[in-house]
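Have a look at the structure below before the remarks.
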Amino acid sequence: MKFDSHSARGLYNAAPSTIVTVTNNNRTTLFDDYLASTIQVQGGPSSKKKRRRRRNKKPTGMMHFDSSDCSSVSSDGVSQSGSCNNNHMQQQHLHIELSEEEKCQYVALDCEMVGIGRHGRYPSLARVSVIDWDGNTLLDLYVRQRFEVTDYRTFVSGVTEEDLKLDQAVDYDICRSRVQDLIYDKIIVGHALKNDLRALMITHPWQRIRDTAKYEPFMKDRFDDGTLWPRKLKDLAQQKLRRTIQQPGNAHCPVEDAETALDLYKHARYRWEKAMDYKINKTHEIERLRSNSM
């Protein structure tokens, strides 16, 4: 099937969400900046760039590491022992003691795309990986394409034409349904999750998203103007975890990237959750005041 720009406009439309606009003239905290912009109750805070004051403190805490390997796709969509690239033997996991009930609240997600349309301009979901708190692979699927692929982006995605023709590859709707089942009512961890959720056409409450690309202490001030920008996952992995991923010449592995994002979250979990509790409580307070004034 041929793909054109008209088809692209509806390809990744997510479900509509309720929008609440809040104005706050007192810029006293990072979250006051957040409140001064649009709060998207179901899809998360607005993606518009905001000026934030930098935090200079770095996350601290005790860490314990052990080794693990990567995975390859099996017939049921769950990974078997294997390796995404030659570097993965260097990978290590960061472990924090949680109860089994607490661990079940978390999953980590990462996706790889291929290009469709003229010059491969439009991204199309090609592979999805989901892991649990302990790094066990819950899902690792290749996705059959509904449109003609014009750029497999193999040097980055690791996806080839043969991968998408495997018997194990599934239709988009099946993949999306299985991901929805896994992430329902869970906290999702990942890097630049906005792109992955858009590709899956899934909305998720912002209160249950932990995006390492959007966590302020992980971001950087590129132009010394106070505006924070996301950093690359591989740079965060090197600085925070002393881990090398996505080496030049090696394609990305979604299982490895999901593991790395999860370990980054574990590294900063205590401070991160305190910040999230503040934002959630503040949002409830604003909504309560708003409802009382109506």
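Numbering (our numbering), first residue to last: 315 to 608. Glycine included, C-beta positions come from ideal geometry on N, C-alpha and C.
With DSSP as the reference, identify every bridge partner of Met427, one or two as the case may be. Leu439
Quick check: what's the CA-CA separation for Val484 versus Gln552? 34 Å
Quickly, what does DSSP pair Leu453 with across the bridge? List them, please. Its beta-bridge partners are Val444.
Where Lys417 sits in the DSSP three-state scheme: Lys417 sits in a helix when the DSSP states are folded into three classes.
In this structure, what does DSSP give as the bridge partners for Arg524? Val503
Report, in whole angstroms, the separation of the C-beta atoms of Lys618 and His581, which I expect to be a contact under 8 Å. Since the first and last residues shown for the chain are 315 and 608, residue 618 lies out of range.
Taking contact to mean at least 3 C-beta pairs separated by less than 8 Å, is the region 503–511 in contact with the region 422–437? Contact between the region 503–511 and the region 422–437 is present: 3 or more CB-CB pairs across the two stretches fall below 8 Å.
Suppose contacts are defined by Cβ-Cβ distances below 8 Å. Is Val503 in contact with Ala589 by that definition? no
Closer than 6 Å by C-beta to Gln521: which residues in its own chain qualify, once you throw out the five before and the five after it? Chain order, please. Spatial neighbours of Gln521 in its own chain (CB-CB distance under 6 Å, excluding positions within 5 residues in sequence) are listed in chain order as Ile594.
How about Ala440 and Leu478: do their beta carbons lie closer than 8 Å? The criterion of a C-beta distance shorter than 8 Å is satisfied by Ala440 and Leu478.
Checking the sheet assignment: what are the DSSP bridge partners for Val463? Ile430
Measuring alpha carbon to alpha carbon, tell me which of Arg585, Arg467, Ile445 ends up nearest Glu570. The shortest Cα separation from Glu570 among Arg585, Arg467, Ile445 belongs to Ile445.
When you compare the CB positions of His566 and Ser491, do they come within less than 8 Å of one another, or not? no
Express the C-alpha separation of Met608 and Thr337 in angstroms, rounding to a whole number. Note that Thr337 scores a pLDDT of 36, beneath 50, so its modelled location is shaky; the value from the coordinates is reported in the next line. The alpha-carbon atoms of Thr337 and Met608 are separated by roughly 16 Å.
What did DSSP end up calling Asp534 once you bin it into helix, strand or coil? Looking at the sequence shown, residue 534 is not Asp but Lys. Strand, per DSSP.
Leaving out the 5 sequence neighbours to the left and right, which residues in its chain are closer than 7 Å to Ala513 when beta-carbon positions are compared? Tyr326, Cys425, Met427, Pro437, Leu439
Should Asp591 go down as buried or exposed, given a rule of 16 or more other Cβ atoms within 10 Å for buried? exposed
Beta-carbon proximity of Glu475 to Tyr486, cut-off 8 Å: no
I believe Leu452 touches Cys489 by the beta-carbon criterion, under 8 Å. Please report the beta-carbon distance rounded to the nearest angstrom. Contact doesn't hold; Cβ gap of about 13 Å is too wide.
Rounded to the nearest angstrom, what separates Pro562 and Leu542 at their Cα positions? 26 Å
Can you tell which of Gly449, Phe469, Val473 has the C-alpha that lies nearest to the C-alpha of Gln459? Val473
DSSP three-state label for Ala565, please. coil
Is any heavy atom of the ligand HEM found at a distance shorter than 7 Å from the C-beta of Asp591? With respect to the ligand HEM, the structure offers nothing, as it holds no ligand at all.
DSSP-derived helix/strand/coil call for Ala483: coil
Helix, strand or coil, according to DSSP, for Leu412 in the structure here? coil
Where does Thr474 sit, in a helix, a strand or coil, going by DSSP? Assigned with DSSP and collapsed to three states, Thr474 falls in coil, not helix or strand.
Go ahead and label Lys363 buried or exposed: buried means 16 or more other beta carbons lie within 10 angstroms of its beta carbon, across all protein chains shown. The pLDDT assigned to Lys363 is 45, lower than 50, so where the model puts this residue is not dependable; a value taken from the coordinates is nonetheless given after this. That one is exposed.
Alpha-carbon to alpha-carbon, Gly540 and Met532: Here residue 532 is Phe; the residue named in the question, Met, does not match the sequence. Answer to the nearest angstrom: the Cα atoms are 14 Å apart.
Considering only their Cβ atoms, is the gap separating Arg556 from Ile410 smaller than 8 Å? no
Counting only the same chain and skipping the five closest in sequence on each side, list residues whose C-beta sits under 8 Å from that of Glu414. When the five nearest sequence neighbours on each side are left out, no beta carbon in the same chain lies closer than 8 Å to the beta carbon of Glu414.
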